[in-house]
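Numbering (the working numbering), first residue to last: 254 to 625.
A quick write-up on the structure given underneath.
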(Lines of atoms letter the chains of each structure in order from A; the text may use other names.)
(Lines give C-alpha, C1' and ligand atoms only; values in the text may rest on other atoms or scores of the structure.)
Protein backbone atom coordinates (compact mmCIF):
# COMPACT_ATOMS: atom_id res chain seq x y z
CA UNK A 254 0.00 0.00 0.00
CA UNK A 255 1.37 3.41 -0.97
CA UNK A 256 2.11 6.08 1.64
CA UNK A 257 -0.89 8.20 0.65
CA UNK A 258 -3.15 5.13 0.87
CA UNK A 259 -1.75 4.35 4.33
CA UNK A 260 -2.50 7.89 5.43
CA UNK A 261 -6.03 7.59 4.04
CA UNK A 262 -6.64 4.37 5.99
CA UNK A 263 -5.45 6.01 9.21
CA UNK A 264 -7.68 9.02 8.56
CA UNK A 265 -10.71 6.71 8.56
CA UNK A 266 -9.66 5.44 11.99
CA UNK A 267 -8.40 8.46 13.90
CA UNK A 268 -10.88 10.99 15.17
CA UNK A 269 -10.54 14.65 16.08
CA UNK A 270 -11.49 15.93 19.52
CA UNK A 271 -14.33 18.45 19.45
CA UNK A 272 -14.98 21.32 21.82
CA UNK A 273 -13.08 20.93 25.08
CA UNK A 274 -13.03 17.12 25.01
CA UNK A 275 -9.58 15.63 25.71
CA UNK A 276 -10.05 13.02 22.96
CA UNK A 277 -12.71 12.23 20.34
CA UNK A 278 -16.00 11.11 21.88
CA UNK A 279 -18.13 8.38 20.32
CA UNK A 280 -21.27 6.37 21.08
CA UNK A 281 -21.82 2.67 21.78
CA UNK A 282 -25.49 1.75 21.48
CA UNK A 283 -26.75 -1.51 22.98
CA UNK A 284 -30.30 -0.73 21.77
CA UNK A 285 -31.61 -1.35 25.27
CA UNK A 286 -35.31 -2.11 25.77
CA UNK A 287 -36.93 -0.88 28.97
CA UNK A 288 -39.85 -2.53 30.77
CA UNK A 289 -43.09 -1.36 29.20
CA UNK A 290 -41.29 -0.48 25.95
CA UNK A 291 -40.92 -2.39 22.68
CA UNK A 292 -37.97 -3.16 20.42
CA UNK A 293 -39.51 -0.70 17.96
CA UNK A 294 -39.30 1.99 20.65
CA UNK A 295 -35.65 1.15 21.25
CA UNK A 296 -34.78 1.28 17.56
CA UNK A 297 -36.51 4.64 17.18
CA UNK A 298 -34.37 5.88 20.03
CA UNK A 299 -31.30 4.60 18.18
CA UNK A 300 -32.20 6.68 15.13
CA UNK A 301 -32.75 9.76 17.30
CA UNK A 302 -29.49 9.12 19.14
CA UNK A 303 -27.47 8.62 15.94
CA UNK A 304 -28.80 11.91 14.60
CA UNK A 305 -28.02 13.68 17.86
CA UNK A 306 -24.51 12.21 17.89
CA UNK A 307 -23.92 13.36 14.33
CA UNK A 308 -25.18 16.89 14.99
CA UNK A 309 -23.19 17.29 18.21
CA UNK A 310 -19.80 16.18 16.90
CA UNK A 311 -19.46 12.64 18.24
CA UNK A 312 -16.99 10.81 15.99
CA UNK A 313 -18.54 7.38 15.48
CA UNK A 314 -21.61 5.34 16.43
CA UNK A 315 -21.32 1.60 17.02
CA UNK A 316 -23.84 -1.12 17.84
CA UNK A 317 -22.97 -4.40 19.53
CA UNK A 318 -24.00 -7.96 18.75
CA UNK A 319 -25.91 -9.69 21.57
CA UNK A 320 -28.27 -12.65 21.51
CA UNK A 321 -31.10 -14.07 23.62
CA UNK A 322 -31.24 -10.99 25.88
CA UNK A 323 -34.74 -9.47 26.10
CA UNK A 324 -33.37 -6.10 27.17
CA UNK A 325 -30.89 -5.76 24.29
CA UNK A 326 -32.31 -5.50 20.76
CA UNK A 327 -29.02 -5.50 18.85
CA UNK A 328 -28.83 -9.10 17.63
CA UNK A 329 -28.32 -7.99 14.00
CA UNK A 330 -25.77 -5.16 13.82
CA UNK A 331 -25.62 -5.04 10.02
CA UNK A 332 -29.40 -4.59 9.77
CA UNK A 333 -29.41 -1.81 12.36
CA UNK A 334 -26.45 -0.07 10.73
CA UNK A 335 -28.20 -0.07 7.36
CA UNK A 336 -31.18 1.61 9.01
CA UNK A 337 -28.97 4.19 10.73
CA UNK A 338 -27.08 4.88 7.50
CA UNK A 339 -30.38 5.86 5.88
CA UNK A 340 -31.02 8.42 8.64
CA UNK A 341 -27.54 10.01 8.92
CA UNK A 342 -25.11 11.71 6.55
CA UNK A 343 -21.64 12.05 8.08
CA UNK A 344 -21.05 10.13 11.29
CA UNK A 345 -19.05 6.91 11.11
CA UNK A 346 -21.15 3.80 11.76
CA UNK A 347 -19.89 0.42 12.84
CA UNK A 348 -20.05 -2.74 14.87
CA UNK A 349 -18.77 -2.83 18.39
CA UNK A 350 -18.69 -5.57 17.52
CA UNK A 351 -19.63 -8.45 15.31
CA UNK A 352 -18.74 -11.71 17.05
CA UNK A 353 -16.76 -13.33 14.27
CA UNK A 354 -16.91 -16.96 15.51
CA UNK A 355 -20.73 -16.79 15.18
CA UNK A 356 -20.53 -16.20 11.42
CA UNK A 357 -18.88 -17.34 8.22
CA UNK A 358 -16.24 -14.75 7.26
CA UNK A 359 -17.65 -14.52 3.72
CA UNK A 360 -21.06 -13.51 5.09
CA UNK A 361 -19.52 -10.71 7.19
CA UNK A 362 -17.51 -9.50 4.20
CA UNK A 363 -20.68 -9.40 2.10
CA UNK A 364 -22.71 -7.61 4.78
CA UNK A 365 -20.13 -4.93 5.45
CA UNK A 366 -19.30 -4.57 1.78
CA UNK A 367 -22.99 -3.82 1.29
CA UNK A 368 -22.94 -1.31 4.13
CA UNK A 369 -19.87 0.36 2.64
CA UNK A 370 -21.71 0.66 -0.68
CA UNK A 371 -24.64 2.28 1.15
CA UNK A 372 -22.51 4.72 3.17
CA UNK A 373 -19.11 5.03 1.45
CA UNK A 374 -16.25 5.94 3.74
CA UNK A 375 -18.38 5.76 6.91
CA UNK A 376 -18.33 2.10 7.94
CA UNK A 377 -16.20 0.45 10.66
CA UNK A 378 -16.00 -3.31 11.18
CA UNK A 379 -15.25 -4.09 14.81
CA UNK A 380 -14.73 -7.78 15.58
CA UNK A 381 -14.88 -9.79 18.78
CA UNK A 382 -14.13 -13.42 19.57
CA UNK A 383 -16.68 -13.97 22.39
CA UNK A 384 -20.14 -15.34 21.59
CA UNK A 385 -22.05 -12.31 22.87
CA UNK A 386 -24.43 -14.62 24.71
CA UNK A 387 -24.65 -17.82 26.78
CA UNK A 388 -23.21 -21.16 25.74
CA UNK A 389 -26.49 -22.75 24.63
CA UNK A 390 -27.35 -19.80 22.41
CA UNK A 391 -23.83 -19.79 21.00
CA UNK A 392 -24.25 -23.46 20.11
CA UNK A 393 -27.52 -22.66 18.32
CA UNK A 394 -25.81 -19.83 16.40
CA UNK A 395 -22.78 -21.87 15.41
CA UNK A 396 -24.56 -25.21 14.95
CA UNK A 397 -21.92 -26.92 17.06
CA UNK A 398 -21.26 -27.78 20.69
CA UNK A 399 -17.52 -27.22 20.25
CA UNK A 400 -17.60 -23.58 21.25
CA UNK A 401 -13.95 -23.18 22.18
CA UNK A 402 -12.97 -24.07 18.67
CA UNK A 403 -14.38 -20.82 17.27
CA UNK A 404 -12.51 -18.62 19.73
CA UNK A 405 -9.27 -20.54 19.25
CA UNK A 406 -9.56 -20.19 15.47
CA UNK A 407 -10.16 -16.44 15.65
CA UNK A 408 -6.82 -15.42 14.06
CA UNK A 409 -7.47 -17.76 11.14
CA UNK A 410 -11.04 -16.51 10.75
CA UNK A 411 -9.77 -12.93 10.85
CA UNK A 412 -7.20 -13.66 8.14
CA UNK A 413 -9.88 -15.25 5.96
CA UNK A 414 -12.23 -12.30 6.44
CA UNK A 415 -9.43 -9.88 5.53
CA UNK A 416 -8.72 -11.85 2.35
CA UNK A 417 -12.39 -11.68 1.36
CA UNK A 418 -12.54 -7.92 2.04
CA UNK A 419 -9.40 -7.33 -0.04
CA UNK A 420 -10.22 -10.02 -2.63
CA UNK A 421 -6.63 -11.24 -2.56
CA UNK A 422 -6.57 -14.98 -1.89
CA UNK A 423 -3.37 -16.33 -3.48
CA UNK A 424 -3.35 -18.52 -6.55
CA UNK A 425 -4.09 -22.12 -5.65
CA UNK A 426 -6.19 -21.25 -2.61
CA UNK A 427 -9.57 -23.04 -2.64
CA UNK A 428 -11.31 -19.65 -2.23
CA UNK A 429 -9.33 -17.90 -4.99
CA UNK A 430 -12.37 -17.72 -7.27
CA UNK A 431 -14.83 -16.76 -4.55
CA UNK A 432 -15.55 -13.05 -4.20
CA UNK A 433 -17.34 -10.99 -1.57
CA UNK A 434 -19.76 -8.73 -3.43
CA UNK A 435 -19.99 -5.75 -3.16
CA UNK A 436 -16.21 -5.68 -3.12
CA UNK A 437 -12.95 -5.14 -5.01
CA UNK A 438 -13.72 -7.77 -7.67
CA UNK A 439 -16.16 -5.33 -9.21
CA UNK A 440 -13.33 -2.96 -10.05
CA UNK A 441 -11.52 -5.69 -11.99
CA UNK A 442 -14.59 -6.71 -13.99
CA UNK A 443 -14.98 -5.24 -17.51
CA UNK A 444 -16.18 -1.67 -17.14
CA UNK A 445 -15.95 -1.95 -13.36
CA UNK A 446 -15.51 0.95 -10.99
CA UNK A 447 -15.10 0.35 -7.27
CA UNK A 448 -15.18 2.60 -4.23
CA UNK A 449 -11.69 3.33 -2.84
CA UNK A 450 -12.96 2.69 0.67
CA UNK A 451 -12.86 -0.57 2.59
CA UNK A 452 -14.28 -0.81 6.11
CA UNK A 453 -11.39 -0.53 8.59
CA UNK A 454 -11.02 -3.57 10.81
CA UNK A 455 -10.93 -3.09 14.58
CA UNK A 456 -10.28 -5.79 17.15
CA UNK A 457 -12.35 -5.69 20.34
CA UNK A 458 -11.45 -7.26 23.63
CA UNK A 459 -11.89 -7.45 27.39
CA UNK A 460 -8.57 -9.21 28.10
CA UNK A 461 -5.11 -9.49 26.62
CA UNK A 462 -5.69 -11.87 23.68
CA UNK A 463 -7.14 -9.39 21.19
CA UNK A 464 -4.92 -6.60 22.55
CA UNK A 465 -1.80 -8.55 21.59
CA UNK A 466 -3.26 -9.67 18.25
CA UNK A 467 -4.33 -6.12 17.33
CA UNK A 468 -0.87 -4.83 18.19
CA UNK A 469 0.92 -7.54 16.24
CA UNK A 470 -1.23 -6.87 13.16
CA UNK A 471 -1.02 -3.08 13.46
CA UNK A 472 -4.81 -2.70 13.80
CA UNK A 473 -6.82 -0.29 15.95
CA UNK A 474 -8.02 -1.74 19.25
CA UNK A 475 -11.19 -1.19 21.27
CA UNK A 476 -11.27 -2.28 24.91
CA UNK A 477 -14.46 -3.01 26.89
CA UNK A 478 -13.67 -0.90 29.96
CA UNK A 479 -17.40 -0.70 30.69
CA UNK A 480 -17.48 -4.31 31.86
CA UNK A 481 -13.83 -5.22 32.41
CA UNK A 482 -12.37 -2.13 34.05
CA UNK A 483 -9.71 -3.99 36.04
CA UNK A 484 -8.11 -5.19 32.79
CA UNK A 485 -8.12 -1.87 30.94
CA UNK A 486 -4.64 -0.52 31.67
CA UNK A 487 -2.86 -3.91 31.36
CA UNK A 488 -4.60 -4.60 28.03
CA UNK A 489 -3.78 -1.16 26.62
CA UNK A 490 -0.17 -1.52 27.76
CA UNK A 491 0.03 -4.91 26.06
CA UNK A 492 -1.47 -3.48 22.87
CA UNK A 493 1.04 -0.65 22.74
CA UNK A 494 3.99 -2.93 23.57
CA UNK A 495 2.92 -5.43 20.89
CA UNK A 496 2.20 -2.84 18.21
CA UNK A 497 3.91 -3.18 14.85
CA UNK A 498 3.37 -0.48 12.19
CA UNK A 499 1.21 -1.67 9.32
CA UNK A 500 -0.39 -0.48 6.10
CA UNK A 501 -3.29 0.62 8.31
CA UNK A 502 -1.58 2.47 11.17
CA UNK A 503 1.92 3.71 11.83
CA UNK A 504 1.28 3.99 15.57
CA UNK A 505 -1.24 2.53 18.05
CA UNK A 506 -4.80 3.79 18.25
CA UNK A 507 -7.00 2.56 21.10
CA UNK A 508 -10.47 3.50 22.20
CA UNK A 509 -12.21 2.32 25.34
CA UNK A 510 -15.91 1.76 25.92
CA UNK A 511 -17.12 3.49 29.08
CA UNK A 512 -20.50 3.54 30.80
CA UNK A 513 -21.52 7.11 31.53
CA UNK A 514 -24.81 8.77 32.37
CA UNK A 515 -25.42 12.44 33.08
CA UNK A 516 -28.53 14.06 34.54
CA UNK A 517 -29.32 17.55 35.75
CA UNK A 518 -29.27 16.30 39.34
CA UNK A 519 -26.89 13.76 40.85
CA UNK A 520 -29.76 11.99 42.65
CA UNK A 521 -31.52 11.33 39.35
CA UNK A 522 -28.36 9.94 37.79
CA UNK A 523 -28.01 7.54 40.74
CA UNK A 524 -31.62 6.38 40.27
CA UNK A 525 -31.04 5.65 36.61
CA UNK A 526 -27.79 3.72 37.04
CA UNK A 527 -29.33 1.67 39.86
CA UNK A 528 -31.96 0.42 37.41
CA UNK A 529 -29.29 -0.47 34.85
CA UNK A 530 -27.30 -2.27 37.57
CA UNK A 531 -30.37 -4.32 38.56
CA UNK A 532 -30.64 -5.37 34.94
CA UNK A 533 -27.04 -6.59 35.11
CA UNK A 534 -27.71 -8.44 38.38
CA UNK A 535 -30.49 -10.36 36.69
CA UNK A 536 -28.38 -11.06 33.62
CA UNK A 537 -25.43 -12.33 35.66
CA UNK A 538 -27.70 -14.62 37.70
CA UNK A 539 -29.37 -16.20 34.67
CA UNK A 540 -32.53 -14.08 34.73
CA UNK A 541 -32.13 -11.73 31.77
CA UNK A 542 -35.04 -9.40 31.16
CA UNK A 543 -36.04 -5.91 30.10
CA UNK A 544 -34.29 -2.97 31.75
CA UNK A 545 -36.34 -2.18 34.87
CA UNK A 546 -37.62 1.27 35.69
CA UNK A 547 -35.94 3.33 38.43
CA UNK A 548 -39.07 2.88 40.54
CA UNK A 549 -38.80 -0.91 40.28
CA UNK A 550 -35.11 -0.78 41.17
CA UNK A 551 -35.75 1.42 44.21
CA UNK A 552 -38.39 -1.02 45.47
CA UNK A 553 -36.24 -4.10 44.84
CA UNK A 554 -34.78 -5.83 47.91
CA UNK A 555 -31.15 -6.52 47.02
CA UNK A 556 -29.44 -9.36 48.84
CA UNK A 557 -26.07 -8.53 50.42
CA UNK A 558 -24.31 -10.30 47.53
CA UNK A 559 -26.37 -8.40 44.97
CA UNK A 560 -25.72 -5.12 46.74
CA UNK A 561 -21.98 -5.79 46.62
CA UNK A 562 -22.26 -6.46 42.89
CA UNK A 563 -24.22 -3.24 42.32
CA UNK A 564 -21.69 -1.18 44.26
CA UNK A 565 -18.81 -2.72 42.32
CA UNK A 566 -20.57 -2.32 38.98
CA UNK A 567 -21.60 1.29 39.52
CA UNK A 568 -18.12 2.22 40.72
CA UNK A 569 -17.09 1.93 37.06
CA UNK A 570 -20.08 3.88 35.70
CA UNK A 571 -19.27 7.57 35.34
CA UNK A 572 -22.47 9.23 36.52
CA UNK A 573 -23.77 12.39 38.10
CA UNK A 574 -24.22 15.96 36.97
CA UNK A 575 -22.70 17.01 33.62
CA UNK A 576 -19.71 18.56 35.36
CA UNK A 577 -19.16 15.40 37.42
CA UNK A 578 -19.36 13.21 34.32
CA UNK A 579 -16.95 15.48 32.46
CA UNK A 580 -14.48 15.26 35.33
CA UNK A 581 -14.81 11.48 35.43
CA UNK A 582 -14.26 11.11 31.70
CA UNK A 583 -11.30 13.49 31.78
CA UNK A 584 -9.74 11.44 34.56
CA UNK A 585 -10.35 8.18 32.70
CA UNK A 586 -8.76 9.52 29.51
CA UNK A 587 -5.74 10.68 31.50
CA UNK A 588 -5.34 7.43 33.48
CA UNK A 589 -5.62 5.13 30.48
CA UNK A 590 -4.11 7.26 27.73
CA UNK A 591 -7.00 6.18 25.50
CA UNK A 592 -7.09 7.85 22.08
CA UNK A 593 -10.90 7.89 22.06
CA UNK A 594 -13.75 7.41 24.54
CA UNK A 595 -16.83 5.51 23.36
CA UNK A 596 -19.70 6.25 25.72
CA UNK A 597 -22.55 3.87 26.39
CA UNK A 598 -25.52 5.10 28.43
CA UNK A 599 -27.72 2.31 29.73
CA UNK A 600 -31.05 3.42 31.17
CA UNK A 601 -34.68 2.39 31.21
CA UNK A 602 -35.96 5.27 29.09
CA UNK A 603 -34.76 6.38 25.70
CA UNK A 604 -35.41 9.99 26.66
CA UNK A 605 -32.99 9.63 29.58
CA UNK A 606 -30.28 8.27 27.30
CA UNK A 607 -30.75 11.04 24.75
CA UNK A 608 -30.67 13.72 27.42
CA UNK A 609 -27.48 12.25 28.90
CA UNK A 610 -25.60 12.55 25.62
CA UNK A 611 -26.89 16.09 25.17
CA UNK A 612 -25.67 17.07 28.62
CA UNK A 613 -22.25 15.51 28.03
CA UNK A 614 -21.99 17.32 24.69
CA UNK A 615 -22.91 20.59 26.40
CA UNK A 616 -20.40 20.00 29.20
CA UNK A 617 -17.61 19.72 26.63
CA UNK A 618 -18.86 22.53 24.42
CA UNK A 619 -19.36 20.21 21.47
CA UNK A 620 -20.86 21.79 18.33
CA UNK A 621 -24.57 22.58 18.27
CA UNK A 622 -26.66 21.84 15.15
CA UNK A 623 -26.54 25.51 14.20
CA UNK A 624 -22.74 25.62 14.33
CA UNK A 625 -21.95 22.09 13.08
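Don't be surprised by glycine CBs; every beta carbon is placed ideally from N, CA and C.
For residue 532, the uninterrupted alpha helix (DSSP H) run begins and ends at 519 to 537, by DSSP.
Here the stretch 306 to 315 makes no contact with the stretch 354 to 361; the two share fewer than three CB pairs at distances below 8 Å. Cβ neighbours of residue 597 within its own chain (closer than 8 Å, five residues either side excluded): 280, 281, 282, 283, 479, 510, 511, 512 and 513. Going by DSSP, residue 555 is part of no beta strand (DSSP E) at all; its letter is neither H nor E. Runs of the alpha helix (DSSP H) lying entirely within the stretch 429 to 514, each at least 4 residues long, are 438 to 441, 461 to 470 and 485 to 495 in chain order. Residue 560 counts as exposed, since fewer than 16 other beta carbons sit within 10 angstroms of its beta carbon. Residues 515, 612, 613, 615 and 616 of the same chain have their beta carbon placed closer than 7 Å to that of residue 575, with the five preceding and five following residues left out of the count.
Cβ contact annotation for residue 411 (same chain, cutoff 7 Å, sequence separation greater than five): 353 and 380, in chain order.
Beyond the five residues adjoining it in sequence on each side, residue 362 comes within less than 8 Å, by CB distance, of 414, 417, 418, 433 and 436 in the same chain, given in chain order. The alpha-carbon separation between residue 323 and residue 299 amounts to approximately 17 Å.
Residue state for residue 593 is assigned as strand, using DSSP reduced to three classes. For the pair residue 348 and residue 331, the CB atoms are nearer than the 9 Å cut-off. At a Cβ-Cβ threshold of 9 Å, residue 464 and residue 502 do not count as neighbours. Secondary structure of residue 381 (DSSP, three-state): strand. Nearest neighbour of residue 420 by Cα position, chosen from 293, 408, 447 and 406, turns out to be 447. Taken in chain order, the complete alpha helix (DSSP H) segments of 4 residues or longer contained in the stretch 597 to 625 are 603 to 616. Ranked by how close their Cα comes to the Cα of residue 439, the residues 367, 607 and 563 have 367 in first place. Secondary structure at residue 269: coil, using DSSP grouped into helix, strand and coil. In this structure, the beta-carbon distance from residue 286 to residue 325 falls below 9 Å. Apart from the 5 residues on each side of it in sequence, residue 530 sits with its Cβ closer than 7 Å to the Cβ of 563, 566 and 567 in its chain, given in chain order. For the pair residue 601 and residue 528, the CB atoms are nearer than the 9 Å cut-off. At a Cβ-Cβ threshold of 9 Å, residue 595 and residue 475 count as neighbours.
By the beta-carbon neighbour count (other beta carbons within 10 angstroms, threshold 16), residue 483 is exposed.
Our two residues, residue 506 and residue 593, have alpha carbons roughly 8 Å apart in a direct line. Taking the Cα positions, residue 496 is about 10 Å away from residue 473. Going by DSSP, residue 572 is part of the beta strand (DSSP E) stretching over 571 to 573. DSSP, reduced to helix, strand and coil, places residue 390 within a helical segment of the structure shown. Annotation: the continuous beta strand (DSSP E) that includes residue 282 extends over 278 to 282.
For residue 348, the enclosing beta strand (DSSP E) stretches over residues 345 to 352. In the three-state scheme derived from DSSP, where H, G and I count as helix and E and B as strand, residue 285 is classed as strand. Taking the C-beta atoms as reference points, residue 452 is found nearer than 9 Å to residue 376. Restricting attention to 544, 579 and 585, the CA atom closest to the CA of residue 292 is found in 544.
Residue state for residue 304 is assigned as helix, using DSSP reduced to three classes.
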